[in-house]
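Here is the structure we will look at, set down as structure tokens.
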Amino acid sequence: MLSRLTRPQALAVCALPAVALIATAVFAPLPFSVAQPGLTANVLGDNQGEPVITISGAPTRETSGQLRMTTIEATSPDANVGLGEVIDSWFATDRAVMPRDAVYPSGDSVKEIEQYNAEQMEQSQDVATQAALAHLDLSEREVKVTLKLADVGGPSAGLLFSLGIIDKLDGDGRGGDLTGGRTIAGTGTITADGAVGAVGGVALKTQAARRDGATVFLVPKAECGDAQAELPAGLRLIPVTTLDGAVDSLVALETGSGAVPSC
């Protein structure tokens with residue numbers, strides 16, 4: 023025999039699946055990573071007690087100012103990111119919610135991902151050296167460059183590595199520093215022929231740069247919009263598409279002659 027439920031009872035029964043669904047959504051892991059501004063490192067200086075750039079086979083020069091590569095710090099690829107953390111981070115200016123696959127290769131173990139990022143960093147260092155020496159018309163057979171940057175993976179420091187090599191070997195080409203004594207930060211991949219590529223996480227990297235004293239930020243031109251979204255006060259954006267263009271912009275900024283592009 024069936025009995026009729028009262029209205030409150032019926033509402034309670036109907037609400038149970040909805041409550042269960044909400045609870046599942048709140049506590050279930052989601053395919054996202056939460057990122058925040060990461061470390062920066064001056065490629066013209068030391069990192070963990072060792073010079074980032076070491077050059078032999080050609081005379082080098084003392085430099086002033088800084089060229090700071092920038093990073094983001096994301097939750098571990100095996101971390102469980104719940105709905106509550108996603109919602110909190112979504113409205114925070116110093117955090118960003120990103121698809122996990124946009125941060126880490128999908129389907130790989132943590133160890134495989136770390137190895138992949140290390141390989142990407144090593145490859146970017148080799149290419150950055152090729153691009154810098156090509157810019158200066160120097161031969162890789164005569165000039166040896168060693169790059170060391172611990173605890174950082176991926177290819178996004180390529181542009182800054184190239185600029186650091188150029189500054190140590192040639193400065194601005196007129197006896198001055200490429201930095202003009204400033205603290206300059208930036209990001210961007212590099213190819214052997216000097217093309218600068220986009221990287222992602224730019225809005226967070228600008229915050230890391232300003233936190234660590236930068237007043238100028240070199241950004242891949244395609245990511246100007248992202249960089250402007252949460253741009254910290256006191257940080258000037260300079261868009262770049264090539265290594266040659268980045269050098270020209272820094273020389274123009276230092277000397278006050280020539281146009282310096284802006285986003």
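Okay, so the sequence shown: first residue is 23 according to our numbering, each after it adds one.
All C-beta atoms in this analysis are idealised placements derived from N, C-alpha and C, irrespective of residue type, glycine included.
- Relative to the Cα of S178, the nearest Cα in the group G208, A96, R232 belongs to G208.
- For the 7 Å CB-CB criterion, A57 and G223 form a contact.
- Taking a cut-off of 8 Å on C-beta distances, the stretch 166-177 touches the stretch 68-87, as three or more cross pairs fall below it.
- For S178, there is no enclosing beta strand (DSSP E), as DSSP marks it with neither H nor E.
- Comparing C-alpha distances from T277 to each of A172, R204, K133 shows the shortest one belongs to R204.
- Within the stretch 198-240, the beta strand (DSSP E) runs of at least 3 residues that lie entirely inside it are, in chain order, 205-208.
- Membership of G247 in the alpha helix (DSSP H) is indicated by the continuous run 246-251.
- Shown here for Q142: same chain residues with a beta carbon closer than 6 Å to its own, the five before and five after excluded, namely G176, P177 in chain order.
- Distance from V273 to L259 at the Cβ level is roughly 18 Å; contact not present, criterion being Cβ atoms closer than 8 Å.
- The beta carbon of A150 sits closer than 6 Å to those of G180, F183, S184, I212, all from its chain and outside the five residues before and after it, given in chain order.
- In this structure, the alpha-carbon of P73 lies about 11 Å from that of A172.
- DSSP, read as helix, strand or coil, puts A172 in coil.
- DSSP places G267 in the uninterrupted alpha helix (DSSP H) bounded by 265-277.
- Here DSSP, grouped into helix, strand and coil, assigns D68 to strand.
- In the DSSP annotation of this structure, the continuous segment of the beta strand (DSSP E) that includes V262 starts and ends at 258-262.
- Counted as a single uninterrupted DSSP element, the beta strand (DSSP E) harbouring S78 occupies residues 75-78.
- For the pair K227 and T85, the CB atoms are not nearer than the 7 Å cut-off.
- Look at A96 here: in three-state DSSP terms it is strand.
- CA-to-CA, the gap between A118 and Q70 works out to about 28 Å.
- Excluding the 5 residues flanking it on each side, A156 has same chain C-beta neighbours closer than 8 Å at A214, D215, G216, in chain order.
- With 16 or more neighbouring CB atoms inside 10 Å of its own CB, A236 falls in the buried class.
- Each residue's CA atom was taken as its position, placing F54 and G87 some 37 Å apart.
- Sequence-distant partners of E162 (beyond 5 residues in either direction) whose C-beta falls short of 8 Å from its own C-beta, in its chain, are T151, Q152, L155.
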